[in-house]
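Participant: Can you read through this structure? Questions will come right after.
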Amino acid sequence: MRKISKISLVAAVAVAGFSTANAQPLEQAIKDVEVSGSVVYRYDNFHNKEKTSNGVVTSDRDNSESNKYKIGFNLSSKVNDYVKFNSRFIVGSQTNGGFVSLNSGKENNSDNKEGADGQADVSLSNAYFGLTAVPNTVINIGKMGLTTPYTVAVDINGNEQTGTGILALTTINPVTFGAGYFNNSNVNNATEINGTQGLNAGILNGGDDIYVATVQGDLDFVKLEAWYLGHQESFDTFTLAATGKLDLAEDAKIGLEARYVTLDLSNNNRSPLSGLEDSNSMFRLAADGKFSIVNARLAYTQTGKDGGLTALDQDAKNTSLGWAITSNGVADAKFWQAALGADILDNLNFTLNYGNLKSKDTNKAVLIQDIKAEEVYGQLTYKMSKNLSTYLRYGTYTEKEYDSGDKVMDQNRGRIQVAYTF
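What the sequence shown shows, in the working numbering, is residues 4 to 425, in sequence order.
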């Protein structure tokens, strides 16, 4: 983030009217304000082929074409030596803080409506105070992003989970302790668990309480995390994670991750997820590296036989996401991900990505099962500068029933995205 160094002409005229005694406090107030943000434009074009089984059409042809926009603006101000006010405004979806498509497209479908370009709304996403009066401690109070591995607090590319409450973090090197309570959230609208293919879970209640606690340790070569999150009437979940980086040489670096998540659903009639198998879990092992101009990644994720619901957002750390494939909500899933790329120029990279997920029929009351999905896509990324990047992505996605082999989806996917940060 950068501080505001210039003021508008209107503000300059106003400053001129102040006395010398008042000029210095106003100048200091301007210096104490920090702004940052992002502007993202995304164009998606998906084409689903018509599919048949034994001469019967099982899925109609469907074309999805949409223009999406999101602008995020962060404003923070120093109140005094111990208090800082933070806010975030979003030009996008008021429902979940994500992209707004403005109902523009050639066809009526689930992603867009036939019609002309529309207008986006401005909404207040964050408004909270940060208190630092206690040494080595930060206490945030108000409406803020839910910064947990189950959620995404800030995302320039998608929706965000927020809540109103209190979060406290205390660091006693090298360990950080944290605890929080939120009596209201937007998980009833901003959760992406219902975006999983074939998932028919009920919507969570945004008015239910959320409790969170964490212990984190930074041991230089490895970072350890333990998390707990409880959602009133719905679930309790725990996370253990270890991440590390190895510098083999000046131009050879490797990153490693091991993650385990367990989520137990509340077995009562008031829970929107009641009636499903109680136990959900996942573990992931992943490695990524950069060797001179070559980049690579390999990851394996396996979910529990009784369920794989481990996150409230498909982009959260506690689930594995490719482009079209996610492990979230899929029972007994075995999900392989691989990527291999190279720098064509210092600011131009091409990476080929592959994903394969298989899940057999568990014969249990689970969210998703009996699927076989595969995706292949290439991405060309161009970074014009540190704050301006764009990528072109194209690939294919197929989904079948595991047992019968009937094809559920056969899709060609294309995307262009431009992102500017400041």
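From the three backbone atoms N, C-alpha and C, an ideal C-beta is built for every residue, glycine too.
Please classify Ile33: does DSSP put it in a helix, a strand, or coil?
Facilitator: Helix, per DSSP.
Participant: Could you check what DSSP says for Asn70 in three-state terms: helix, strand or coil?
Facilitator: In this structure, Asn70 counts as strand in the three-state DSSP scheme.
Participant: In chain order, what residues of the same chain have a beta carbon less than 7 Å from the beta carbon of Ala24, not counting five sequence neighbours either side?
Facilitator: For Ala24, the pLDDT reaches just 46, beneath the cut-off of 50, and the residue's location in the model is therefore unreliable, although a value from the coordinates is still provided. Excluding residues within five positions, none has a Cβ falling inside 7 Å.
Participant: Over what stretch of residues does the beta strand (DSSP E) that includes Val452 continue unbroken?
Facilitator: With the chain covering 4 to 425 only, the question about residue 452 has no answer from this structure.
Participant: Under 8 Å by Cβ, that's how I've got Leu312 and Leu266 pegged, so tell me the actual separation to the nearest angstrom.
Facilitator: Yes, Leu312 and Leu266 are in contact; Cβ-Cβ is about 6 Å, under 8 Å.
Participant: Beta-carbon within less than 6 Å of Phe294's beta-carbon, same chain only, minus the 5 sequence neighbours each way: which residues are those?
Facilitator: Around Phe294: Ala255.
Participant: Round the Cβ separation of Ala422 and Ile159 to the nearest angstrom and send it over; I've been treating them as touching at under 8 Å.
Facilitator: So it is a contact: roughly 6 Å between Cβ atoms.
Participant: Near Trp326, which residues of its chain fall below 8 Å by C-beta distance, leaving aside the five closest residues on each side in sequence?
Facilitator: Counting only Cβ-Cβ distances below 8 Å, and skipping sequence neighbours, we find Asn356, Gly358, Glu378, Tyr380, Arg396, Gly398, Tyr400 and Arg416.
Participant: Closest to Asn225 by CA distance: which of Gly258, His234, Leu391 and Leu315 is it?
Facilitator: One detail in the question is off: residue 225 reads as Val in this sequence, not Asn. Of the candidates Gly258, His234, Leu391 and Leu315, the one whose C-alpha sits nearest the C-alpha of Val225 is Gly258.
Participant: Assign Ala24 to one of three DSSP states: helix, strand, or coil.
Facilitator: Only weak support is given to the placement of Ala24: the predicted model assigns it a pLDDT of 46, under 50, and the value that follows is read from those uncertain coordinates. The answer is helix: DSSP assigns Ala24 an H, G or I state.
Participant: Taking Gly292 as the reference, give the member of Gly100, Gly233 and Gly344 with the closest Cα.
Facilitator: Cα-wise, what sits closest to Gly292 is Gly344.
Participant: Which value, in whole angstroms, describes the spacing of the CA atoms of Asn129 and Phe76?
Facilitator: Cα to Cα, the separation comes out at about 10 Å.
Participant: The beta strand (DSSP E) with Ala130 in it runs from where to where?
Facilitator: Here the beta strand (DSSP E) through Ala130 covers Asp124 to Leu134.
Participant: Identify every run of the beta strand (DSSP E) within the stretch 273 to 314, keeping only runs that are complete inside it and at least 3 residues long; order them along the chain.
Facilitator: Taking only runs of at least 3 residues, the beta strand (DSSP E) segments lying wholly in the stretch 273 to 314 are 282 to 294 and 297 to 306.
Participant: Buried or exposed: Gln372, going by 16 or more other Cβ atoms within 10 Å of its Cβ?
Facilitator: Under this definition Gln372 is a buried residue.
Participant: What's the C-alpha gap between Ile175 and Asn366?
Facilitator: Looking at the two C-alpha atoms, the distance is approximately 48 Å.
Participant: Here's the rule: buried if 16 or more other CB atoms are within 10 angstroms of the residue's CB, otherwise exposed. What is Ser330?
Facilitator: The residue in question, Ser330, is buried, as its Cβ has 16 or more Cβ neighbours within 10 Å.
Participant: Can you list, in chain order, the residues of its chain whose CB lies under 8 Å from that of Gly209, leaving out five sequence neighbours each side?
Facilitator: If we look at Gly209 and ignore the five residues flanking it on each side, its Cβ neighbours are Asn187, Ser188, Asn189, Val190, Asn191 and Asn192.
Participant: If I follow the unbroken beta strand (DSSP E) through Val82, where does it start and stop?
Facilitator: Counting along the chain, Val82 falls outside any beta strand (DSSP E), and DSSP gives it neither H nor E.
Participant: Between the alpha carbons of Tyr131 and Val36, how many angstroms are there, rounded?
Facilitator: Approximately 15 Å, taken between the alpha carbons.
Participant: My output table needs one value for Ala327: the three-state DSSP class, helix, strand or coil.
Facilitator: Coil at Ala327, not helix or strand.
Participant: So what does DSSP say about Val190, is it helix, strand or coil?
Facilitator: In this structure, Val190 counts as helix in the three-state DSSP scheme.
Participant: Which word fits Ile213, buried or exposed, when buried means at least 16 other C-beta atoms lie within 10 angstroms of its C-beta?
Facilitator: It is buried - the Cβ of Ile213 has at least 16 other Cβ atoms within 10 Å.
Participant: Determine, using beta carbons only, whether Asp223 comes closer than 8 Å to chain C.
Facilitator: The chain labelled as chain C is not found in the depicted structure, where only one protein chain is given.
Participant: Does the Cβ of Gln122 have 16 or more other Cβ atoms within 10 Å, making it buried, or fewer, making it exposed?
Facilitator: Result: exposed.
Participant: Can you tell me where the beta strand (DSSP E) with Glu195 in it begins and where it stops?
Facilitator: First-last for Glu195: undefined, no H or E at that position.
Participant: Give me the Cα-Cα distance between Ala216 and Thr98, rounded to the nearest whole angstrom.
Facilitator: Computed Cα separation, rounded: 27 Å.
Participant: Classify Tyr46 as buried or exposed, calling it buried when 16 or more other Cβ atoms lie within 10 Å of its own Cβ.
Facilitator: Burial call: exposed.
Participant: Among Ala341, Asp239, Lys71 and Val125, whose alpha-carbon lies nearest the alpha-carbon of Asn48?
Facilitator: Of the listed residues, the one whose Cα sits closest to Asn48 is Lys71.
Participant: Mapping the DSSP letters down to three states, classify Thr424 as helix, strand or coil.
Facilitator: DSSP places Thr424 in strand when its eight states are reduced to three.
Participant: Spatial neighbours of Leu249 within its chain, please: CB distance less than 6 Å, with the 5 preceding and 5 following residues excluded, ordered by chain position.
Facilitator: Here the set comprises Ile257.
Participant: Whole angstroms is fine: what's the gap from Lys386's alpha carbon to Gln420's?
Facilitator: Taking the straight line from one Cα to the other gives about 12 Å.
Participant: Measure the C-alpha to C-alpha separation of Gly427 and Leu134 and round it to an integer number of angstroms.
Facilitator: No information on residue 427 is available, as it lies outside the stretch 4 to 425 that the chain covers here.
Participant: Mind pulling the beta strand (DSSP E) runs of 3 or more residues that sit fully within the stretch 207 to 267?
Facilitator: Runs of the beta strand (DSSP E) inside the stretch 207 to 267: 213 to 221, 225 to 234 and 238 to 252.
Participant: Output needed for Ile74: all residues of its chain with C-beta closer than 6 Å, excluding positions within five of it in sequence on either side, in chain order.
Facilitator: So the list reads Val42 and Val94, once near-sequence residues are dropped.
Participant: Looking at Ser362: is its Cβ nearer than 8 Å to the Cβ of Ala334?
Facilitator: It is a contact, given that the beta carbons lie within the stated cut-off.
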